[in-house]
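Residue numbers (UniProt numbering), protein chains in the order written: chain A, 1 to 272; chain B, 1 to 272. Glycine included, every Cβ here is placed at the ideal spot set by N, Cα and C.
Structure representation (structure tokens):
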């Protein structure tokens, strides 16, 4: 019997992680978010978090791994059990300080139940590539745009906003906010051509915020990101080495090459 | 005969300024951008900037006032006269450093022709209101959101990105980039309700970037801004006292009250 549970949100990451494990893990899905490619063993709701945690412990679980995308769930006051209800004040206080604070508080509650938090990258280190150009070619202009984007995301990260930016010829076309990558790239698609610098291509740069806990809140690049980057007329994606998960590297590299995009794991020195 | 020319872009500001002047000014409109409510005396193109500046001087113009919205014009190489062509390298170098640098270089060229730059707020100081709540009511949550937005725009302004942000219950819903206010507010309208904090309203905060030359690049709030803020489900607009032009204050106040929005000229101390 396994001692590890995957706390699963939407997307393909939970199934990829489950496939890496020597024993089949317990899959617990947050109600309303369906992982793709595997069937959850059980669903849970935040309003009944304490009974859910007790159930995990009864099942012999000692480690949990958060994987997949979740959005702020809407809570139904009528569904709370008495023990979870006692935790509402601290959850609400955390929610008012932002998403990062909320996630930290959720982690605290899990660890108070003696559940150890395991990062997806601990289970599957190859999901976060080392530095290198994985697909395509980059120019000096791309290097300059990546440096400018890193400066912008550092400034934004310091005020707990976003984890990405689109830069073309030094101009910032968009920055990521709580609406996420897809909304940002959809916005870039709508920019009139006459507002975009000519004779350049631009890039999407992605990085964790400083202080973002990538054990539970993993910036991820998947096939849809690549498609939207291509449709937005950009040249490719640069991401901070070590901070971003690529869901299926070989498939993404093939896709990037087919779309004529670069895929660049960029370290703090701007290499390679 | 007047000694002042309004270098007019789109929108209502050129007509409002012209109406404030004791003598009818010369109205010169950048080709492709039509001011509303007045008829330009002449049109000019960037490719023929030197002949245009010489013409202004021949007409007895000694002062120019930039007013109205322009976007980066597309230059047609076949239209350059020889003298303006000599300025192309410095203009292109400036364009590569961003919009602020380009505007500074344009100002430099005007001043090299001994034309004095006059700010719209020098002609009509009442267009930029002092601190105060002009319409509606604000809550402690609105004050907190405005403070958070001011922190975010200061961080963004330091890296020369944007001059506004939308904040609701401490969460940043959007920041302004080169696509401008309308694109940002249109994006906020598209945010799914479940991603927005509940039981709060949020606000749009507008401020010049540090180093932005408000003599030529004036952040402006007009009736369309108010309409879009209302459609985005926000509670109102806070703007930095002294840094933002209100095109028609009495009309905007009436409109804000009709829409149930607040309109708050907020000074650096967060007053009133």
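Item	Value
Distance between residue 44 of chain B and residue 27 of chain B (C-alpha atoms, nearest Å)	11 angstroms
Residue closest to residue 173 of chain B, alpha-carbon to alpha-carbon, out of B:3, B:40, B:233 and B:93	B:233
Contacts around residue 103 of chain B, its chain only, beta-carbon distance under 7 angstroms, and the 5 residues preceding and following it disregarded	213, 216 and 217
Same chain only: Cβ atoms within 7 angstroms of residue 143 of chain A, ignoring 5 sequence neighbours per side	270
Rounded C-alpha distance that separates residue 11 of chain B from residue 69 of chain B	6 angstroms
Residue 151 of chain B at chain A interface by Cβ criterion, 8 angstroms	yes
Within the segment 222-272 of chain B, ranges of the beta strand (DSSP E) (whole runs, at least 3 residues)	236-240 and 262-266
Classification of residue 224 of chain B by the beta-carbon crowding that lies within 10 angstroms, buried from 16 upward	exposed
The segment 14-34 of chain A: positions lying closer than 7 angstroms to chain B by Cβ	none
Neighbour flag for residue 46 of chain B against chain A, beta carbons, 8 angstroms	no
Assigned secondary structure, residue 166 of chain A (DSSP; H/G/I helix, E/B strand, else coil)	strand
Within chain A, the residues that residue 56 of chain B reaches when beta carbons sit closer than 7 angstroms	Neighbours of residue 56 of chain B on chain A: none; closest Cβ ~27 angstroms, over 7 angstroms.
Own chain, CB closer than 6 angstroms to residue 176 of chain B, minus 5 neighbours either side, in chain order	162, 163, 164 and 184
Inter-residue Cα distance where the pair is residue 85 of chain B and residue 52 of chain B	13 angstroms
Identified DSSP bridge partners for residue 175 of chain A	A:165
Residue 168 of chain A versus residue 201 of chain A - alpha carbon distance	6 angstroms
Interface residues of chain B facing residue 50 of chain A [CB-CB closer than 7 angstroms]	Within chain B, no residue comes near residue 50 of chain A; the closest Cβ sits about 24 angstroms away, beyond 7 angstroms.
Contact between the segment 239-252 of chain A and the segment 27-40 of chain B (3+ Cβ pairs under 8 angstroms)	no
Which listed residue (B:249, B:82, B:115 and B:110) has its alpha carbon closest to that of residue 129 of chain B	B:249
Rounded C-alpha distance that separates residue 115 of chain A from residue 108 of chain A	10 angstroms
Nearest to residue 77 of chain A (by Cα), restricted to the options A:46, A:94, A:90 and A:63	A:46
Residue 206 of chain A, buried or exposed, once every other Cβ within 10 Å from all chains shown has been counted against 16	buried
C-alpha gap between residue 325 of chain A and residue 235 of chain B, whole angstroms	No answer is possible for residue 325 of chain A: it lies beyond the span of chain A, which begins at 1 and ends at 272.
Partners in chain B for residue 6 of chain A, counting only beta-carbon separations shorter than 8 angstroms	Chain B residues near residue 6 of chain A: none, gap ~24 angstroms exceeds 8 angstroms.
4 or more residues per run - each alpha helix (DSSP H) lying fully within the UniProt domain "LpxI N-terminal" (4-127) of chain B	13-20, 49-58, 82-85, 88-95, 99-112 and 120-123
Selected residue, minimal CA-CA separation from residue 48 of chain A, among A:39, A:178, A:222 and A:80	A:80
Minimum C-alpha distance to residue 226 of chain A - residue among A:204, A:152 and A:208	A:204
CA nearest to the CA of residue 34 of chain A, picked from A:151, A:197, A:54 and A:71	A:71
Residue 124 of chain A to residue 83 of chain A span [Cα, whole Å]	35 angstroms
Residue 187 of chain B - containing alpha helix (DSSP H), residue span	180-189
Local conformation of residue 273 of chain B per DSSP, three classes	Since the displayed chain B opens at 1 and closes at 272, residue 273 of chain B lies outside it and no answer follows.
Buried or exposed by the 16-neighbour rule on C-beta atoms within 10 Å, applied to residue 211 of chain B	exposed
Min CB distance residue 71 of chain B to chain A below 8 angstroms	yes
Neighbourhood of residue 188 of chain A by C-beta distance below 7 angstroms, restricted to the same chain and skipping five residues each side	166, 173, 174 and 232
Short Cβ contact (8 angstroms threshold) for residue 67 of chain B with residue 127 of chain B	no
Buried or exposed (CB count within 10 angstroms, at least 16 for buried), residue 198 of chain A	exposed
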